[in-house]
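What follows is a short report on a single structure.
Numbering (our numbering), first residue to last: 10 to 441.
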């Protein structure tokens, strides 16, 4: 077992005064983590988290989170055991890539707000930012097409009426970077894909320096961009006002495009005209169906519980899905970067659902679905999410069985250090 390699600082949630101050974030390598219960046979891969962390600079002064440093946490699971490591990602620019992670073509990429993704090697050490060539960039999220094994990235240039859609082929090479003109600046945190389209949403929210301004009275617009067009244009379809941080998925059905997403409606504290986007809004799991041929569009609320960070089996990306997992809040006010009281499993086939809430009142992070190798079933695998004790601040990684979702976890991996709430989670299966 090895431990301290470098030292930085970790944030403390202002809304949890009973929680002891978290120790400084540290680069660690810890083998053989304690496991409560037994890790299931067949659970093989890496559970990863990424987020901005404050750290101590070379002059001894703490650098705020997001200003040149982020941290990646990894729990490597296999053979009934779990190992841990955490590593800094530094940047010479103002922001380190801290918004998301994606695995494709045997590479792990760290995604930033608007910069080029950074490739991390097997030890989480940055290898460079040339993953998408000299011109391509990314937003906070990326999508891998499981049929063609293409990676798609969308970068909306702040303050400019355009965005770039980058397609990376099965070997990790840039196939194309297509610029799409828009009628004004867009805030694109996430997007979805289908066989034919990149699916966007323009919400009336724009970036203003470090702030996001949103006018909740402005209608939102669903955008469809042809993935194969040489000079693609976006077709826009107006829907009721909403803010959207995360899509569930999108797919095509009988000529229509079905788009599931978490729609944050009128904020808890209203604003008159454009104003700072509130940290807490009232969300619902919504399905929007667009008919590109007729321009017809309709909305349906699938579930009005307050959820965020939806997850599906990645093999269903761009195809029809049935099962959705999400983090569950204890009130209608949801902070997308906060901690949650439980998880919910939605079965869209029969509109049923199941909730998991930890018995000790732990606060949960974003869930991921870890598919069993060789599986053909949409819920044949496990759901993983971090849990933080609100009193001691200690953290653990929960392993849940989707088919007995409300039951106690199959296993709990005790983490060697507290993990901040609000980090983006990712599951990386072993290379084939």
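Each residue gets a CB set at the ideal place from its N, CA and C atoms; glycine is no exception.
Treat the numbers as computed from the prediction; the structure is a model and nothing was measured.
Can you look up residue i in the DSSP assignment and give me helix, strand or coil?
i: residue 394; result: strand
i: residue 324; result: helix
i: residue 413; result: helix
i: residue 170; result: coil
i: residue 349; result: strand
i: residue 185; result: strand
i: residue 211; result: strand
i: residue 96; result: strand
i: residue 157; result: coil
i: residue 266; result: strand
i: residue 441; result: coil
i: residue 4; result: Nothing can be reported for residue 4, as the shown portion of the chain is limited to 10 through 441.
i: residue 200; result: coil
Between residue i and residue j, which are expected to be in contact by the criterion C-beta below 8 Å, what is the C-beta distance as a whole number of angstroms?
i: residue 43; j: residue 423; result: 4 Å
i: residue 445; j: residue 334; result: Nothing can be reported for residue 445: it is not among the residues displayed for the chain, which extend from 10 to 441.
i: residue 338; j: residue 258; result: Their Cβ separation, rounded to whole angstroms, is 21 Å, which puts residue 338 and residue 258 out of contact at 8 Å.
i: residue 371; j: residue 411; result: No, residue 371 and residue 411 are not in contact; Cβ-Cβ is about 20 Å, not under 8 Å.
i: residue 433; j: residue 110; result: 7 Å
i: residue 204; j: residue 261; result: 6 Å
i: residue 290; j: residue 273; result: 4 Å
Whole angstroms are fine: how far does the CA of residue j sit from the CA of residue i?
i: residue 381; j: residue 52; result: 7 Å
i: residue 401; j: residue 265; result: 50 Å
i: residue 328; j: residue 236; result: 15 Å
i: residue 225; j: residue 212; result: 8 Å
i: residue 87; j: residue 406; result: 14 Å
i: residue 396; j: residue 374; result: 6 Å
i: residue 277; j: residue 292; result: Confidence at residue 277 is low in this model, with a pLDDT of 44, below 50, so its placement is unreliable and no value can be given for it.
i: residue 256; j: residue 230; result: 14 Å
i: residue 198; j: residue 85; result: 28 Å
i: residue 83; j: residue 93; result: 6 Å
i: residue 438; j: residue 55; result: 6 Å
i: residue 268; j: residue 250; result: 16 Å
i: residue 330; j: residue 312; result: 16 Å
i: residue 164; j: residue 148; result: 5 Å
i: residue 171; j: residue 189; result: 6 Å
i: residue 156; j: residue 181; result: 15 Å
i: residue 355; j: residue 416; result: 15 Å
i: residue 362; j: residue 353; result: 7 Å
i: residue 350; j: residue 332; result: 20 Å
i: residue 185; j: residue 154; result: 15 Å
i: residue 129; j: residue 118; result: 6 Å
i: residue 245; j: residue 113; result: 30 Å
i: residue 389; j: residue 37; result: 32 Å
i: residue 99; j: residue 50; result: 36 Å
Taking C-beta to C-beta, are residue i and residue j nearer than 9 Å?
i: residue 131; j: residue 175; result: no
i: residue 307; j: residue 387; result: no
i: residue 91; j: residue 419; result: no
i: residue 208; j: residue 195; result: no
i: residue 108; j: residue 78; result: no
i: residue 210; j: residue 253; result: yes
i: residue 357; j: residue 319; result: no
i: residue 243; j: residue 191; result: yes
i: residue 58; j: residue 39; result: no
i: residue 394; j: residue 336; result: yes
i: residue 429; j: residue 62; result: yes
Beta strand (DSSP E) runs wholly inside the region 367-392, at least 3 long, in chain order: Taking only runs of at least 3 residues, the beta strand (DSSP E) segments lying wholly in the region 367-392 are 377-380.
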